[in-house]
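Engineer:
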Amino acid sequence: MKLLDELKEKAKQMPQRIVLPEGTEIRTLKAADIAIESGLAKIILIGNIAEIQQLATENNLSNISKAKIIDPETCPQMPHYANLLYELRKSKGMTIEQAQKQAKDPLYLGCLLIKNGDADGELAGAQNFTGDVLRPAFQIVKTMPGIKVVSGAFLMFTPARQLGEDGLLVFADCAVNPNPTAEELAGIAVSAAATARAIAGFEPRIAMLSFSSKGSATHELVDKVIEATRLAKQMQPDLQIDGELQVDAALAPEVAASKAPNSTVAGRANVLIFPDLQSGNIGYKLVQRFCGAEAVGPILQGIAAPINDLSRGCTTEEIVSMIALTANQAISLKK
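Using our numbering, the first residue of the sequence shown is number 342, and each one after it goes up by one.
1. Quick one: Cα of residue 533 to Cα of residue 377, how far?
2. With a floor of 4 residues, list each alpha helix (DSSP H) that falls wholly inside the segment 374–419, ordered by position along the chain.
3. Counting Cβ pairs, one atom from each stretch, are 3 or more of them under 8 Å apart for the segment 631–650 and the segment 465–477?
4. For residue 355, which three-state DSSP category applies?
5. Nearest to residue 492 by CA position, among 632, 645, 550 and 641, is which residue?
6. Which whole-angstrom value is the C-beta distance of residue 442 and residue 400, which I expect to be below 8 Å?
7. Check for me: the beta strand (DSSP E) holding residue 649 runs from which residue to which?
8. Could you pull the DSSP bridge partners for residue 678 from this structure?
9. In angstroms, rounded to a whole number, what distance separates the CA positions of residue 459 and residue 410?
10. Since residue 659 is in the alpha helix (DSSP H), which residue starts that stretch and which ends it?
11. Between residue 530 and residue 481, how many whole angstroms is the CB-CB distance? I'm expecting something under 8 Å.
12. Is it buried or exposed for residue 639, if we count other Cβ within 10 angstroms and need 16 for buried?
13. Would you report the Cα separation of residue 617 and residue 627, rounded to the nearest angstrom?
14. Quick one: residues in its chain with C-beta nearer than 6 Å to the C-beta of residue 466, no 5 flanking neighbours on either side, listed in chain order?
15. For the alpha helix (DSSP H) holding residue 517, just list the boundary residues, first then last.
16. Does the segment 416–432 come close enough to the segment 606–617 to have 3 or more Cβ pairs within less than 8 Å?
17. When you compare only the Cα positions, how much space is there between residue 613 and residue 566?
18. So, with DSSP's three-state summary, where would you put residue 581?
19. Would you grab the beta carbon distance between residue 569 and residue 636 for me? Rounded to a whole angstrom, and I think it's under 8 Å.
Structure follows, in structure tokens:
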């Protein structure tokens with residue numbers, strides 16, 4: 342995919358410090374070796390140094406020696422990171438003893454590195470559940486100003502070149518929020534717009550999806566989408582966004598002409614915001630299976646620094662791509 346190649350080249354031009362907390366997970370380690378060799382990022386691995394070195398030797402990963410490896414049991418900065426965690430969480434009842442223990446958890450330590458300015462982004466999830474990846478991100482890095490919800494977007498590379506941007510669309514939220522409120526749905530739309538600009542490289546035209554188009558049905562679920570659209574416009578008045586729209590009205594000009602004739606988004610949408618996680622997750626997988634689309638993600642949105650989650654079934658190649666995406670998110674935040 343041309344876009345992924347472009348993102349990798351951009352990452353190489355401004356190498357970011359990407360921390361991989363699952364430093365002894367073999368797919369992650371192989372991806373780190375590739376990323377270092379190709380200059381995609383400055384890799385930070387968390388884990389037992391001897392174990393990482395042994396795995397690197399056994400798998401002929403000669404570039405791992407160029408990574409920064411942090412062992413939570415021996416790192417001289419651990420007291421500082423533990424104190425940072427304590428200061429962030431003491432109002433929630435955390436004791437310094439609890440902070441000293443929790444700071445050694447690689448997922449927490451990765452976020453503490455980012456919070457302390459020692460890393461630019463994080464990628465995990467090859468051997469951890471999404472909730473375990475997100476929890477320290479919420480507690481330590483927190484969300485972007487004005488955004489109250491973290492969500493997951495997919496880049497959908499479809500063979501239908503007439504759709505989106507030459508077949509490329511952004512789908513959200515397909516990974517995190519089961520039943521977002523109108524306010525949360527608005528935040529998801531604003532975050533997806535940022536993903537479209539920073540990662541997909543196009544100006545977003547956002548369709549807020551529903552089973553209704555412009556009043557064709559009346560229901561509280563439709564009302565939620567209408568309110569979310571209003572709130573998103575309020576948050577970012579310059580957004581090209583419209584809703585509620587059925588998916589055919591969002592994507593097909595001939596359908597848009599009859600269902601939403603006055604819309605500047607209908608028939609031309611390149612970002613689809615699903616009303617809940619069920620529809621989003623089902624939707625992206627249907628497109629993936631029926632159309633042979635390539636789904637890249639989830640890209641976590643709304644966190645104050647790039648922290649991305651992997652599928653536990655991910656391949657080494659997918660991890661490499663996600664390292665490049667995470668690096669591009671970090672580059673975008675520095676502009």
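In this text, a Cβ means the ideal position worked out from N, Cα and C, and glycines have one as well.
Since this is a predicted model, take the numbers as computed values, not measurements.
Structural biologist: On the basis of the coordinates in this document:
1. 29 Å
2. 390–399
3. yes
4. coil
5. 641
6. Residue 442 to residue 400, Cβ: 31 Å. No contact.
7. 648–650
8. The question about residue 678 has no answer here: the residues shown for the chain are numbered 342 through 676.
9. 13 Å
10. 657–674
11. Actually they are not in contact, since the Cβ atoms of residue 530 and residue 481 sit about 26 Å apart, beyond 8 Å.
12. buried
13. 16 Å
14. 474, 650 and 651
15. No alpha helix (DSSP H) holds residue 517; DSSP gives it neither H nor E.
16. no
17. 12 Å
18. strand
19. Actually they are not in contact, since the Cβ atoms of residue 569 and residue 636 sit about 24 Å apart, beyond 8 Å.
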